[in-house]
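In my numbering, the protein residues as written are 542 to 802.
All C-beta atoms, glycine included, are put in the ideal place defined by N, C-alpha and C.
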Ligand code: HXC
């Protein structure tokens, strides 16, 4: 499709990665309603496209996203207006995407921008990236998962400090704290993210999705329940073509030919 607030392109040597670039440069990619609708639609398309194996989500060098659109929120007058519109509920699309989504964060990832990055499966950062939850400075709280996902990612003390002060965290600190898995020079960030996405896209899509489901389950389950789920999925992989092909290819010393089934 064609979009107003994002740019979408198929990239990688085999064109098997969808690159989504948030594109409201004048507003530092503030996440207005139209942008979220565009993003959700692009994710629907990537998920439905059998040639696509992974998604990279990025912004500009200056900003991944500076948060929910404050000019839009300013007009929301009271509890019932926001409650009845279920504001921010539709932001969840990334979390149930069956294909891996890698965030490539240059510049500001603030408020809803930081929360959007944390909905992704992996975060790569450019050296000048800055993460923050400044909602407290606006008289509100992180409303798209920040109080939960940031705490899971970096622990209570660091999360409390960020959420209660609005202070930002650098890319280097974010890597040390485990929020970000790797840091790159800004101009190499997207190509490095695409390389990793291509690698994930080279494997069986069915098995990739199962891996995602099991890792995500660790957030919602006890260890006993999570281990049980993992064991059953492990057993289930034995009935797939791709498990048989993967192990046969190893024994025959050749590359596997996965069929996503
Ligand atoms: C709407 C925004 C915006 C935002 C920036 N802009 N952030 N517009 N919503 N979140 C606009 C500015 O109004 C300005 O446009 C233009 O982008 C450039 O911003 P400047 O402030 O002039 O740039 P700079 O001085 O470099 O400062 C950059 C900044 C600052 C530090 C990122 O813009 C900033 O503090 N932004 C707000 C960050 C924030 O509080 N985010 C949390 C939002 S609440 P004009 O046309 O006015 O010049 C949130 C809740 C999520 O995210 C809850 C879940 C739904």
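- Taking the Cβ atoms as the reference, residue 645 lies roughly 11 Å from residue 724, outside the contact range of under 8 Å.
- For residue 586, there is no enclosing beta strand (DSSP E); the enclosing alpha helix (DSSP H) covers residues 574-589.
- Under the rule that a run must span 4 or more residues, the alpha helix (DSSP H) segments found entirely inside the region 701-745 read 712-718, 730-742.
- Approximately 7 Å separates the beta-carbon atoms of residue 576 and residue 547; this is inside 8 Å, confirming the contact.
- Of the candidates 555, 652, 760, 652 places its Cα closest to the Cα of residue 681.
- Secondary structure remark: continuous alpha helix (DSSP H) runs of at least 4 residues inside the region 637-679, in chain order: 653-660.
- At least one heavy atom of the ligand HXC lies less than 7 Å from the C-beta of residue 678.
- Taken through DSSP and simplified to helix, strand or coil, residue 772 comes out as helix.
- In this structure, residue 676 sits away from residue 648, with a CB-CB distance that is not shorter than 8 Å.
- The region 662-679 and the region 620-631 do not touch, with fewer than 3 CB-CB distances between them shorter than 8 Å.
- Secondary structure at residue 547: strand, using DSSP grouped into helix, strand and coil.
- For residue 598, the enclosing beta strand (DSSP E) covers residues 595-599.
- In this structure, DSSP gives residue 605 an extended state, which the three-state scheme calls strand.
- Looking only at 706, 694, 699, the smallest Cα-Cα distance to residue 722 is reached by 694.
- By DSSP's assignment, residue 569 forms no beta bridge with any residue.
- Here DSSP, grouped into helix, strand and coil, assigns residue 559 to strand.
- A distance of 8 Å or more separates the beta carbons of residue 716 and residue 685.
- Within the model, the alpha-carbon separation for residue 553 versus residue 543 is close to 20 Å.
- Comparing alpha-carbon positions, the option among 599, 729, 772 lying closest to residue 663 turns out to be 599.
- Contact between residue 579 and residue 545 holds: their C-beta atoms lie close to 6 Å from each other, under 8 Å.
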